[in-house]
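J.: First residue of the sequence shown? That's 23 in the numbering used here, and the numbers climb one at a time after it.
Ideal Cβ positions, reconstructed from N, Cα and C, are used throughout, including at glycine.
Model, not experiment: these values are computed from the prediction.
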Amino acid sequence: MIWAIDGYNVMFAGRIDGAEETDIETRREDLLNRCRRLKDPVVVFFDASKAPPGLTDEVQGRGKLEVVYVRTGTADDAIVEWVRRSGRPHEVCVVTNDRELAGRAKALRAKLAGVEHFLKQIDPERLEGVEKPRISNEEARRWAAEFGVDPDARI
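1) So what's V64 in DSSP terms, helix, strand or just coil?
2) If you measure between the beta carbons of N16 and N55, is that distance less than 7 Å?
3) Taking a contact to mean a Cβ-Cβ separation below 7 Å, would you say L134 touches R106 in this structure?
4) May I ask you to list the residues that DSSP assigns as paired with K86?
5) Less than 8 Å between the CB atoms is what I'm expecting for W25 and V64, so what's the real figure, rounded?
6) Around the C-beta of A127, are 16 or more other C-beta atoms found within 10 angstroms, so that it is buried, or is it exposed?
7) To the nearest angstrom, how far is it from the Cα of W165 to the Cα of I157?
8) According to the neighbour-count rule (16 or more other Cβ atoms, all chains shown, within 10 Å of its Cβ), is G151 buried or exposed?
9) Measuring only the C-alpha atoms, how far is D174 from E160?
10) Please list the terminal residues of the continuous beta strand (DSSP E) segment that includes V114.
11) Taking F68 as the reference, which of A124, Y91, L123, V114 has the closest Cα?
12) May I ask which residues mark the beginning and end of the alpha helix (DSSP H) holding A129?
13) If we ignore side chains and look at the alpha-carbon of each, how far apart do G95 and V102 end up?
14) Report the rounded CA-to-CA distance for L123 versus D172, giving the unit in angstroms.
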């Protein structure tokens, strides 16, 4: 599957922890960093009126994560056109809470995901292959001794 993300819709419709207190560029970078964790390819679309300062190219990055800053038209139109030109819309999942965009994508036979569903996919605790590191009791005692901590203390 390929994720086609309505970037600003996800940033402002979904709840990303801590995002309320940050500026737009920080929020955008946080979203992109979270998208990098997905195992599937991701294309994030943003309207260029809110593009980062000094942006020179429409498409940033290649490979697993691609970011498209739409200079002409809207991100919604660009997503629909991208799905249409993909040649395999049934393998694309459009992420948005925008009903009009969702309807247009569905008409092309793309899959749809709401913002909250998508945010659950990029939650680090739920990602495939991401595990909390585990250490043996022996290793924990060795590190406790290294840092001068009582290994039997409950922290």
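T.: Reading off the structure:
1) strand
2) Residue 16 falls outside the range modelled here, since the chain spans only 23 to 177, and no answer is possible.
3) no
4) In the DSSP output, where bridge partners are listed per residue, K86 has none listed.
5) 4 Å
6) buried
7) 10 Å
8) With a pLDDT of 43 at G151, under the threshold of 50, the modelled position of this residue cannot be trusted; read the value that follows with caution. Result: exposed.
9) 12 Å
10) 114 to 117
11) Y91
12) 121 to 129
13) 12 Å
14) 57 Å
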